[in-house]
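**Q** Each residue of the sequence shown is one higher than the one before, counting from 1 in the working numbering.
Ideal Cβ positions, reconstructed from N, Cα and C, are used throughout, including at glycine.
Note that the structure is predicted; figures quoted are calculated from it, not measured.
Quick one: the structure is below, and I'll ask about it shortly.
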Amino acid sequence: MSAQTQIRRITAPDIRSRKGEEPLVCLTAYDAPMARLLDPHCELLLVGDSVGMVVHGLDSTIGVTLEMMIMHGKAVMRGAKQALVAVDMPFGTYEKSPEQAFENASKVMRETGCQAIKIESGTYAAETIRFMTERSIPVIGHIGLRPQAALADGGYKVKGRTIASRQRVIDEAVATDEAGAFAIVIEGVAEDLAREITEAVSAPTIGIGASAACDGQILVTQDMLGVFEWTPKFVKRYENMAERTEAAVRQYATDVRNRAFPTSAQVYAVKRADG
Ligand code: KIV
Numbered sequence: 001m002s003a004q005t006q007i008r009r010i011t012a013p014d015i016r017s018r019k020g021e022e023p024l025v026c027l028t029a030y031d032a033p034m035a036r037l038l039d040p041h042c043e044l045l046l047v048g049d050s051v052g053m054v055v056h057g058l059d060s061t062i063g064v065t066l067e068m069m070i071m072h073g074k075a076v077m078r079g080a081k082q083a084l085v086a087v088d089m090p091f092g093t094y095e096k097s098p099e100q101a102f103e104n105a106s107k108v109m110r111e112t113g114c115q116a117i118k119i120e121s122g123t124y125a126a127e128t129i130r131f132m133t134e135r136s137i138p139v140i141g142h143i144g145l146r147p148q149a150a151l152a153d154g155g156y157k158v159k160g161r162t163i164a165s166r167q168r169v170i171d172e173a174v175a176t177d178e179a180g181a182f183a184i185v186i187e188g189v190a191e192d193l194a195r196e197i198t199e200a201v202s203a204p205t206i207g208i209g210a211s212a213a214c215d216g217q218i219l220v221t222q223d224m225l226g227v228f229e230w231t232p233k234f235v236k237r238y239e240n241m242a243e244r245t246e247a248a249v250r251q252y253a254t255d256v257r258n259r260a261f262p263t264s265a266q267v268y269a270v271k272r273a274d275g
C-alpha cells in the first residue's frame with residue numbers, strides 16, 4: 001500500500017452542496033500537464049467539446065467525436081487528482097434517444113474514469129437527463145447559448161433578449177433541474193436572467209458570459225490565458241500567452257542561429273565525473 005496520502009476527489013454531491021455557498025471555480029482542460037496545473041485551484045475541470053476549436057482548430061464543435069472526447073478525457077484524468085472531471089458529450093452522441101445518450105455516456109465514463117458528463121440541454125433533453133441520472137450517471141446541463149446549436153441559431157448569440165427567448169431559457173433551466181442535473185452551466189445571458197435562474201433552480205449554476213450572479217464560473221482556459229488574439233468580450237484575460245510565447249520562440253530562434261546553447265561538456269559534466 002502506498003504511503004502517500006490519498007487525495008479525496010470532489011464528487012457530484014459535493015458540487016451540488018455548494019448551491020448558494022462559496023462560488024465554484026471551474027475551467028476547461030484538455031490535456032494532462034494543464035490539468036495538473038489547474039487541479040489544485042478548481043473544484044471542476046471540464047473536458048469541453050470546445051477542444052475541437054481550441055486544440056484541433058475546427059471552426060465549430062460540430063466535428064468533435066466521442067473518440068476525441070475519450071482521448072482528452074483520459075489525459076485530463078491522468079493530470080487531475082482532486083477536481084471533479086466532467087466530459088462533454090459531443091454533437092450527435094446523445095440527442096437521438098435516452099438510450100443512445102446512456103450508451104455513449106457510460107462508454108465515456110468507463111473508458112476515461114471521469115466523474116460526470118455534460119450535455120447541452122434544451123427542454124427536449126429533460127427525458128434524457130432523467131434517464132441517465134436514474135441510472136447513476138451524474139449529469140451537468142448546459143443552457144442559454146448552446147454552441148452545438150450555433151448553426152441552427154445563426155451564430156453564437158446571447159439568449160434571453162426577448163420575452164419569448166427569456167422564457168425559453170427559464171424553461172430549459174427548470175427542465176434540466178427537475179430532471180436531476182447536479183449542476184447547470186448557463187452561457188450567454190444577461191445578469192438579471194442569470195440571477196432569476198440561479199434563484200429558481202436547486203442545482204448550482206455555473207456561468208460563462210452570464211455575470212457573477214451564478215453559483216460558480218467557468219472559462220475556456222486558453223481564453224483566460226490569452227492564447228488567442230480574439231477572445232469573447234466577457235473573458236477577463238489573466239495572461240498574454242500569445243505574446244509571451246511569440247517572444248520566447250523568437251529568442252529560441254536567435255539562440256539556435258547563434259549556437260547559444262549549453263555545450264555537451266556543460267550538460268553531461270557531472271555524469272562524466274561520476275564515471
Ligand atoms: O465546451 C466547453 O468548453 C464548454 C464550456 C465553455 C462551458 O461547454
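Check whether the region 129-136 and the region 65-84 are in contact - that is, three or more C-beta pairs closer than 8 Å.
**A** The answer is no - the region 65-84 does not touch the region 129-136, with fewer than three Cβ pairs under 8 Å.
**Q** Locate the beta strand (DSSP E) running through Ala-242, then write down its first and last residues.
**A** Numbered from its first residue, the sequence shown carries residue 242 at position 242. First-last for Ala-242: 241-257, but that is the alpha helix (DSSP H), not the beta strand (DSSP E).
**Q** Taking 8 Å as the cut-off, does the region 75-88 touch the region 9-21 (at least 3 CB pairs, one atom from each stretch)?
**A** The answer is yes - the region 75-88 touches the region 9-21, with three or more Cβ pairs under 8 Å.
**Q** With the cut-off set at 8 Å, would you say Ile-208 and Leu-27 are in Cβ contact?
**A** Counting from one through the sequence shown, the residue named residue 208 turns up at place 208. Counting from one through the sequence shown, the residue named residue 27 turns up at place 27. It is not a contact, given that the beta carbons lie outside the stated cut-off.
**Q** In angstroms with no decimal places, state the Cα-to-Cα distance between Thr-231 and Ala-149.
**A** If you number the sequence shown from 1, residue 231 lands on position 231. If you number the sequence shown from 1, residue 149 lands on position 149. Going by the C-alpha atoms only, they are around 20 Å apart.
**Q** Which residues mark the beginning and the end of the alpha helix (DSSP H) in which Lys-107 is found?
**A** Position 107 of the sequence shown, counted from the first residue, corresponds to residue 107. Segment 98-112, the alpha helix (DSSP H) holding Lys-107.
**Q** Under a three-way DSSP split, which group does Gln-217 fall into?
**A** To locate residue 217, count along the sequence shown from 1; it is residue 217. If DSSP states are grouped into helix, strand and coil, Gln-217 belongs with the strands.
**Q** Whether or not the region 212-229 and the region 238-253 are in contact is what I'm after, with contact meaning three or more pairs of Cβ atoms, one per stretch, closer than 8 Å; do they touch?
**A** Result yes; three or more Cβ-Cβ pairs closer than 8 Å.
**Q** What residue from Leu-145, Ala-116, Ala-248 has the CA that sits closest to Gly-155's CA?
**A** Stepping through the sequence shown from its first residue, residue 155 is reached at position 155. Checked all of Leu-145, Ala-116, Ala-248; the closest Cα to Gly-155 is Leu-145.
**Q** Between the C-alpha atoms of Gly-92 and Gly-63, what's the straight-line distance to the nearest angstrom?
**A** Taking the first residue of the sequence shown as position 1, residue 92 is located at position 92. Taking the first residue of the sequence shown as position 1, residue 63 is located at position 63. Between Gly-92 and Gly-63, the C-alpha separation is close to 10 Å.
**Q** Near Ala-175, what residues of its chain come up, given a Cβ to Cβ distance below 7 Å and the 5 sequence neighbours on each side ignored?
**A** On the sequence shown, position 175 is the one that residue 175 refers to. Around Ala-175: Thr-123, Ala-126.
**Q** I need the straight-line Cα distance from Ala-116 to Ala-210, nearest angstrom please.
**A** Numbered from its first residue, the sequence shown carries residue 116 at position 116. Numbered from its first residue, the sequence shown carries residue 210 at position 210. Computed Cα separation, rounded: 22 Å.
**Q** Quick test of the definition: if touching needs 3 or more C-beta pairs under 8 Å, does the region 153-167 touch the region 198-205?
**A** In short, these stretches do not touch, since the Cβ pair count stays below three.
**Q** Taking 8 Å as the threshold (C-beta atoms), are Met-89 and Lys-118 in contact?
**A** As a working mapping, residue 118 is identified with position 118 in the sequence shown. As a working mapping, residue 89 is identified with position 89 in the sequence shown. Yes, these two residues count as a Cβ contact at 8 Å.
**Q** Please report the residue range of the alpha helix (DSSP H) in which Leu-66 lies.
**A** In the sequence shown, the residue the question calls residue 66 occupies position 66. Here the alpha helix (DSSP H) through Leu-66 covers 66-79.
**Q** Measuring straight from C-alpha to C-alpha, what distance separates Arg-18 and Ile-184?
**A** Translated into the one-based positions of the sequence shown, residue 18 becomes position 18. Translated into the one-based positions of the sequence shown, residue 184 becomes position 184. When rounded, the distance between both Cα atoms is 12 Å.
**Q** Can you tell me which of the three DSSP states Ile-62 falls into?
**A** Stepping through the sequence shown from its first residue, residue 62 is reached at position 62. Three-state DSSP puts Ile-62 in coil, outside helix and strand.
**Q** Could you check the C-alpha separation between His-72 and Pro-40 for me, to the nearest Å?
**A** Your numbering for residue 72 matches position 72 in the sequence shown. Your numbering for residue 40 matches position 40 in the sequence shown. Each residue's Cα considered, the two are about 19 Å apart.
**Q** From Pro-138 to Ala-269, what does the alpha carbon distance come to, in whole angstroms?
**A** Against the sequence shown, residue 138 aligns to sequence position 138. Against the sequence shown, residue 269 aligns to sequence position 269. Their backbone Cα atoms lie some 54 Å apart in a straight line.
**Q** Quick check: does the Cβ of Thr-198 come within less than 7 Å of any heavy atom belonging to ligand 1?
**A** Here residue 198 refers to the residue found at position 198 of the sequence shown. No.
**Q** Mind checking whether Val-47 and Ala-29 have CB atoms under 8 Å apart?
**A** Reading the sequence shown from its first residue, position 47 is the one you call residue 47. Reading the sequence shown from its first residue, position 29 is the one you call residue 29. It is a contact, given that the beta carbons lie within the stated cut-off.
**Q** Where do the ends of the alpha helix (DSSP H) carrying Asp-88 lie?
**A** Position 88 of the sequence shown, counted from the start, is the residue given in the question as residue 88. Taken as a continuous stretch (DSSP letters only), Asp-88 belongs to no alpha helix (DSSP H), being part of the beta strand (DSSP E) at 84-88.
**Q** Verify the contact flag: Gly-48, CB atom, against every heavy atom of ligand 1, threshold strictly below 7 Å.
**A** Translated into the one-based positions of the sequence shown, residue 48 becomes position 48. For ligand 1, at least one heavy atom lies less than 7 Å from the Cβ of Gly-48.
**Q** Taking the alpha carbon of Ala-75 as the reference point, which residue from Asp-59, Val-51, Pro-98 has its own alpha carbon closest?
**A** For this step, residue 75 is matched to residue 75 along the sequence shown. Nearest of Asp-59, Val-51, Pro-98 to Ala-75, Cα basis: Val-51.
**Q** Below 6 Å CB to CB, which residues in the same chain sit around Arg-16 once its five sequence neighbours on both sides are set aside?
**A** The residue labelled residue 16 in the question sits at position 16 within the sequence shown. Excluding sequence neighbours, Arg-16 sits near Phe-182.
**Q** Relative to the alpha-carbon of Glu-95, which residue among Cys-114, Ser-121, Val-87 has its alpha-carbon at the smallest distance?
**A** For the purposes of this step, residue 95 is taken as residue 95 along the sequence shown, with counting starting at 1. It is Ser-121 whose Cα lies nearest to the Cα of Glu-95.
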